[in-house]
Amino acid sequence: MDIFREIESLEMELVDPGTRKDAARLQELLSDEFLEFGSSGVVIRKSDVLDSANTPSTTTYQLSDFKFKSLGNEHILVTYRSIKSPREIAYRSSVWVKQDGRWQMLHHQSTVVT
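Following this line, the structure appears as structure tokens:
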């Protein structure tokens, strides 16, 4: 699998409701330095995501329009569009870093489309 397809697959895994309630898997997927700027303006850290695993979500997203930019050998920027409902569309960006032989999300931002 090429690196960009691997990152796309990891992004899709992270929005899967099953993954969102699996603290052990979230621990693997998110860098310890993970930071997210949510579409509501809230700053979210790895500990917040792990804490939310105790509150299962059934929210599903459709992801599309993936674009990738290599930022060196061990960092990748990915941008894409997410649809939660016809009225809840966002542009998203993530930075992935390769640490200890595996890709982890370092940063994520979501911006609502109006």
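In this text, residue positions in the sequence shown follow this note's numbering: the first is 1006, and each later residue adds one. Quick reminder that beta carbons are idealized off the backbone N, C-alpha and C, glycines included.
Taking only three categories from DSSP, how would you classify L1076? coil
Restricting to runs no shorter than 3 residues, where is the beta strand (DSSP E) found entirely within the region 1020-1096? 1035-1042, 1048-1050, 1067-1075, 1080-1090
Within 8 Å, do at least three Cβ pairs link the region 1009-1021 to the region 1082-1089? yes
Going by DSSP, which residues form a beta bridge with R1121? Here the chain comprises residues numbered 1006 to 1119, so residue 1121 is not present and cannot be evaluated.
Apart from the five residues on each side of it in sequence, which residues of its chain come closer than 8 Å, Cβ to Cβ, to V1048? L1040, E1041, F1042
Rounded separation between R1014 and T1024 - CA only: Reading off the sequence shown, one finds Ser at residue 1014, where the question assumed Arg. Rounded to the nearest angstrom, the two C-alpha atoms are 12 Å apart.
With a CB to CB cut of under 6 Å and the five nearest residues on each side skipped, what residues in its chain are close to L1082? K1074, L1076, V1100
For a quick check, are the C-beta atoms of S1044 and V1102 less than 8 Å apart? no
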